Amino acid sequence: MIFTNLIETNLRTKELGKQIEYYQRIESTNKEAWEIIDSEETSHGTIVITDNQLSGKGRNGNTWFMSPSKGLAMSIVLKKSISIQDGLLIPIAAGVAIAKALENRGGNPKLKWPNDILINNKKCGGGLCETRIKNNCIIQMVVGIGLNINETNNDFPDKVSKSATSLAIETNQSNQRELICAIITTYFERLFSDLPSSLPIWKNYCNHLNESVSFNQEGINRNGIFKGLDNDGRAIIQIDTKEILFNSITLE
């Protein structure tokens, strides 16, 4: 069970996390976040969190496995108007906040563009940002975060057992999920107030800087050298001798 008072006690924020919606079991924290946004029963910075997420999703509709009462599934509601350009940096900032939180708890996280979390080259979690746009401006956003915290090797399904890990596996100790939620939220608020500051930090955590990467673009498999991020958080990939910007690909 998640104890929201432990989240509140450990938060060091001015706006985020002042309202926390806890559910023992729901389909998706992102889906629930949008539902309470539509019902006008939530404010900027609300955290939606659950012990058991039944249908978690990653980028491009990929399924995200969560072990009940061991993983962390949460979403942060953003209800401030921001430019589309700044919005492109939100996934980068989310990735940095997650990485910093795991590092704070003894992990050695790396980032795979834009915000997949790897430890020892195995996936530990990631983020999914969803937006609503009006008049060329983002008016609402939900930042979803899924992390493997206290899972053991036996908790993972066979199909991901060789590619997935958890903070507990990598550090040989269990962790309080409420504390990690609070640390992520605190770091994220700081980065949200100065989004460009997340770019150099992200680069320091990057798992594949100046290395060969493979990706699929509109059904075509491509390869290149990952050179970093531009000022909008887009991936810079060198293909042959030309550097190309991408903002909607998934690295393999």
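With the first letter of the sequence shown counted as 1, position 24 gets the number 24 in this note's numbering; the numbers rise by one all the way through. Here a beta-carbon is modelled for each residue, glycine too, at the ideal position from N, C-alpha and C. Remember, predicted model here, so these are calculated numbers, not experimental data.
Comparing alpha-carbon positions, which option in the options lies nearest residue i?
i, options, result
"lysine 79", "Thr152, Glu41, Ile183, Lys122", "Glu41"
"valine 96", "Asn104, Ile119, Gly107, Asn115", "Asn115"
"glutamine 173", "Leu102, Phe188, Asn150, Ser161", "Asn150"
"threonine 4", "Tyr22, Ile117, Ser28", "Tyr22"
"cysteine 124", "Ser83, Asn247, Ser67", "Ser67"
"serine 248", "Gln217, Asp240, Ile225, Leu209", "Gln217"
"isoleucine 220", "Asn154, Gly228, Glu252, Phe192", "Glu252"
"asparagine 210", "Ile201, Pro196, Leu229", "Leu229"
"threonine 241", "Lys227, Gly233, Ser198", "Lys227"
"isoleucine 47", "Ala101, Glu32, Trp202, Ser55", "Glu32"
"aspartate 86", "Lys159, Pro109, Ile138", "Ile138"
"asparagine 207", "Pro157, Ile117, Ile244", "Ile117"
Just to confirm before moving on: does the CB-CB distance between residue i and residue j stay below 8 Å?
i, j, result
"proline 119", "threonine 165", "What sits at residue 119 in the sequence shown is isoleucine, not proline. Taking 8 Å as the Cβ cut-off, isoleucine 119 and threonine 165 qualify as a contacting pair."
"threonine 131", "leucine 16", "no"
"glycine 106", "asparagine 30", "no"
"glycine 146", "glycine 71", "yes"
"leucine 6", "glutamine 176", "yes"
"serine 161", "asparagine 148", "no"
"serine 111", "tryptophan 34", "The sequence shown places leucine at residue 111, rather than the serine named in the question. Cβ distance not < 8 Å, so leucine 111 and tryptophan 34 don't count as in contact."
"isoleucine 225", "isoleucine 237", "yes"
Assign residue i to one of two classes, buried (16 or more other C-beta atoms within 10 Å of its C-beta) or exposed (fewer than that).
i, result
"lysine 134", "exposed"
"glutamate 189", "buried"
"aspartate 194", "exposed"
"serine 214", "exposed"
"aspartate 155", "buried"
"isoleucine 239", "exposed"
"isoleucine 84", "exposed"
Please return the same chain residues whose Cβ sits closer than 8 Å to the Cβ of residue i, not counting the five positions on each side in sequence.
i, result
"threonine 171", "Arg105, Gly106, Gly107"
"alanine 101", "Ile180, Ile183, Ile184, Tyr187"
"glutamine 24", "Met1, Thr50, Asp51, Asn52"
"leucine 199", "Leu89, Ile92, Leu229, Asn231, Gly233"
Just to confirm my understanding: we take residue i, look at its own chain, exclude 5 residues before and 5 after, and list those with CB closer than 6 Å. What are they?
i, result
"asparagine 10", "Leu179, Ala182"
Who are the Cβ neighbours of residue i in its own chain at under 7 Å, not counting the five residues just before and after it?
i, result
"glycine 127", "Pro91, Ala94, Gly95, Ile98, Asn115, Val143, Gly144, Ile145"
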